[in-house]
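Heads up: the sequence shown begins at 1 in the UniProt record's numbering, then just goes up one per residue.
Only one structure is covered here, and it is reproduced in the block below.
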Amino acid sequence: MAEFTLVTTHDRLDLCPQVATLINSMWPMSIYARRAMLERSHPLLPCSLVLLAKNLPDLAQEAPPIDRLTTDGQTILGHCRVMSLGGPKGVLFEIVVVDEQHRGKGFGKILMQKAEEAGKAIVYLNTTDKQAFYEHLGYHVCDPVTSGVFGGKVQTLDQTPSTEPKLVWLKKEL
């Protein structure tokens, strides 16, 4: 039976190169910038959460890419970054990704549930293409919260530039 563990990159710095590669498979950018972001994970937020699995039942038929295996034989399935919104109740989940090979198998749901356990009373996130998935998990469309956190400061989002894909903001009260 598969065992799932949620770890932080500040506790498992050895995972940063592999997690950076996973994230870049969805949103390409400098691998060095991505690794630096992961290495800045902190217990008091922001933090990067990584879903690991041991004893996946389908590993015999479908081995994960070598860069998704950890030194202790676990498989890196996904990532979620948790950012503070400056108040005691809410957090922002961003850079949520599940390894492409393992999508559609319930691992995204496991990642979100475990991340929510580590979260606060209200979770916000945005998406351009996974709205139905998040609504299935109990998230509801809400007004925009932020455009991002830069230098530790949350910036208010007035509107999405017309050249960007339409962002849908969602919220879940835990």
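Every residue, glycine too, gets a C-beta built ideally from N, C-alpha and C.
By alpha-carbon positions, which one of Tyr32, Lys89, Val96 ends up nearest to Leu49?
Val96
By Cβ distance below 7 Å, which residues in the same chain neighbour Met112 in space, the five residues on each side in sequence not counted?
Leu137
Which listed residue (Ala2, Cys142, Glu100) has its alpha carbon closest to that of Lys54
Of the candidates Ala2, Cys142, Glu100, Ala2 places its Cα closest to the Cα of Lys54.
Which same chain residues end up closer than 7 Å to Glu173 when comparing Cβ atoms and leaving out the 5 residues on each side of it in sequence?
Once the five neighbours on either side are set aside, the close Cβ partners of Glu173 are Ala121, Ile122.
Grouping DSSP H, G and I as helix and E and B as strand, with all else coil, what is Ser48?
strand
Ignore the nearest five residues each way along the sequence and tell me which others in Met29's own chain have a CB closer than 7 Å to its CB.
None.
May I ask you to report which of helix, strand or coil DSSP gives Asn24?
DSSP, reduced to helix, strand and coil, places Asn24 within a helical segment of the structure shown.
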